[in-house]
């Protein structure tokens, strides 16, 4: 700090930039040169503020528009700070000199009798230095070992230092300086602040219990400089003229009193929590990345094992199916060959004994019966071999499954979804095995039939003496026809043009077949045809809709009901078909099927059909009266995501139709959904994890809220909170805008929001 009479060289001593002569640099420039020579830019930062105290107002020399900066004092530590001042971080000496040049151009100065450029304000330069201490080893550890434990962190220390350089305005006597007007007011303010500084120095020098630091902003700013925790250097400047003897003596006495003041030096250190937090965040990111990498590797390994297991199972299935097919074909060929030989022997016998049919026939029968018995025995032997091979294949497959599960158990620990998928594959394999067993049973029945027919053929040969011999021929011909019919099972026309080749009426007539397999295949064909819009009109005209509803009414087979419900759902996408379904009591049949079924896929088909019907404005009241809404809500017991998605879609369609009817003025009462008890489920699933369910439920809730008469029920049921959430957080812009518009347009909702102090 520089203190002295005006014109004695205070600004020259402190603030000289030394542009022309570097040896004339002031203390400000030299002090920053010394600081820059003793810091490291890796650990240290330097920031600068440049202020002036003019007429008891603190102004920013680096930002002239900031002309009234408040002083803030920490109640606990007593430290004084200026949070409103501009702080500029500097990296080199040149940038600092530029800041000084900018600040000096903003200082107030005037021409007096004592000085041509008399400073009219106190200039204050604040330089703050921050140094990180004790954190370098931690940085090195982080860079070289990203997996080090957070327990090895030492909280880095932040050491702070502040250099304050004060160029005080000079004290002056009015009759010597000739100040008048505004300059006189400036001189009074300068002398008043210097007088307050002198009082503080006197009180500190005399160890007074009270130091009047609050008499001036200058003394408040310099509180730490005298009697505080800083090291203070005081430069006093005097003039050589005997004319100013009194001012010189006063300046020297001020310096003597200031030398008696003792300061208690204190190093200011604090924890660098910001740096520590940054380091911990980096470490956390590395640990998260490592964890994700390991998790991905684990998932890849599980997927590899699953694919390998699936490949092995598929290979086993294919080998087993090929072996079974070969044995079946071999058995059929042997059977055909035996029949052919039997026919040839019979024809040869007829040619040898055309007249004496009795004797010839008797001998022929005696000769051929053993041959037929041998053929039957051969067929039995082939069938037994096939069964043995099937059992061996099953044992091998079970053994393979056991080894596969044993090898996968330790690796798939905690992998619930993957084990579930493998179990599903094994279950499908078991179903395939059952189908193969059914084929074996079919072969057994064919063998029994062949045995019986061979016996009949032998009897016919024995009776050929009294007949014309064509009975046996007819029998063998019919057997050949049967066998050829069995051999062509694999050649079937595609479903897309099946009704054109066979005829839609024939396909629909098969829905009433006594054979369950025929019914199932027929209803599958109808369901696939109904999936195409071009076929729907033809199916309805041919009576297909009535046949499908009859299946729902008559049959208890889960597969038939599931496929029939899917076909009805496809037909229900057409508005005309929707009215036909309602007219034929379809909603009641769908509701009955929904109450009886437990299979999620059947419930999904039924829910989809009802959901399509819910989108028809004309069927709202009838749909509700026939139990459609109750059936839809009853299917939520399944808890299957696909079923819940269709239920949510149906409720959204119904609510949308109600909202449209209310807007057109054709509906005036409460929502039928609310009357049937759908509101609790809607509120419960408005924030469902499945995005498809959540979107449908949010849309249904917004449509219900558009009808003012439903507002009180929605508030009582807790739906208001969900509407507020939808208006803020919904991912769909249109639904979010609809929720906002609904809340702001309803007087009931607005009143409740004001009561709860919630802003939309």
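Residue numbers (full-length UniProt numbering): 1 to 760.
Idealized CB from N, CA, C, for every residue including glycine.
Test item: CB-CB of residue i and residue j under 8 Å
i, j, result
"residue 727", "residue 739", "yes"
"residue 646", "residue 619", "no"
"residue 170", "residue 13", "no"
"residue 97", "residue 17", "yes"
"residue 573", "residue 612", "yes"
"residue 701", "residue 686", "yes"
"residue 542", "residue 508", "yes"
"residue 655", "residue 704", "yes"
"residue 60", "residue 51", "yes"
"residue 163", "residue 40", "no"
"residue 594", "residue 544", "no"
"residue 708", "residue 735", "no"
"residue 117", "residue 109", "yes"
"residue 62", "residue 88", "yes"
"residue 527", "residue 567", "yes"
Residue i to residue j span [Cα, whole Å]
i, j, result
"residue 492", "residue 506", "Because residue 492 carries a pLDDT of 36, less than 50, the predicted location of this residue cannot be relied on, and the following value inherits that uncertainty. Going by the C-alpha atoms only, they are around 15 Å apart."
"residue 174", "residue 24", "31 Å"
"residue 198", "residue 278", "47 Å"
"residue 391", "residue 327", "14 Å"
"residue 119", "residue 27", "17 Å"
"residue 382", "residue 400", "27 Å"
"residue 183", "residue 48", "30 Å"
"residue 196", "residue 217", "9 Å"
"residue 140", "residue 228", "Bear in mind that a pLDDT of 38 at residue 140, under 50, signals an unreliable position, so the number given afterwards is only what the model happens to contain. If you take the alpha carbons of residue 140 and residue 228, they lie about 38 Å apart."
"residue 344", "residue 386", "29 Å"
"residue 719", "residue 652", "15 Å"
"residue 546", "residue 693", "32 Å"
"residue 624", "residue 582", "11 Å"
"residue 585", "residue 622", "11 Å"
"residue 234", "residue 276", "39 Å"
"residue 112", "residue 185", "14 Å"
"residue 131", "residue 302", "51 Å"
"residue 757", "residue 724", "12 Å"
"residue 263", "residue 207", "12 Å"
"residue 22", "residue 99", "18 Å"
"residue 397", "residue 599", "29 Å"
"residue 78", "residue 205", "21 Å"
"residue 42", "residue 273", "18 Å"
Option nearest residue i by Cα separation, candidates the options
i, options, result
"residue 226", "83, 393, 213 and 238", "213"
"residue 659", "639, 630, 710 and 610", "710"
"residue 125", "676, 387, 519 and 58", "58"
"residue 15", "85, 128, 168 and 54", "168"
"residue 677", "525, 706, 305 and 631", "631"
"residue 616", "290, 650 and 605", "650"
"residue 588", "626, 688 and 201", "626"
"residue 192", "204, 219, 179 and 202", "219"
"residue 158", "304, 190 and 45", "45"
"residue 388", "261, 339, 324 and 349", "324"
"residue 33", "90, 65 and 55", "90"
Assigned secondary structure, residue i (DSSP; H/G/I helix, E/B strand, else coil)
i, result
"residue 61", "coil"
"residue 664", "helix"
"residue 6", "coil"
"residue 651", "helix"
"residue 700", "helix"
"residue 260", "coil"
"residue 234", "coil"
"residue 161", "strand"
"residue 532", "coil"
"residue 133", "strand"
"residue 640", "coil"
"residue 573", "coil"
"residue 750", "helix"
"residue 44", "strand"
"residue 55", "coil"
"residue 102", "helix"
"residue 1", "coil"
"residue 125", "strand"
"residue 523", "helix"
"residue 713", "helix"
Any non-hydrogen atom of the ligand MN closer than 7 Å to residue i Cβ
i, result
"residue 101", "No copy of the ligand MN occurs in the structure displayed, which carries no ligand at all."
Are the stretch 543–552 and the stretch 562–577 in contact at 8 Å, needing three or more beta carbon pairs? With three or more CB-CB distances shorter than 8 Å, the stretch 543–552 counts as touching the stretch 562–577.
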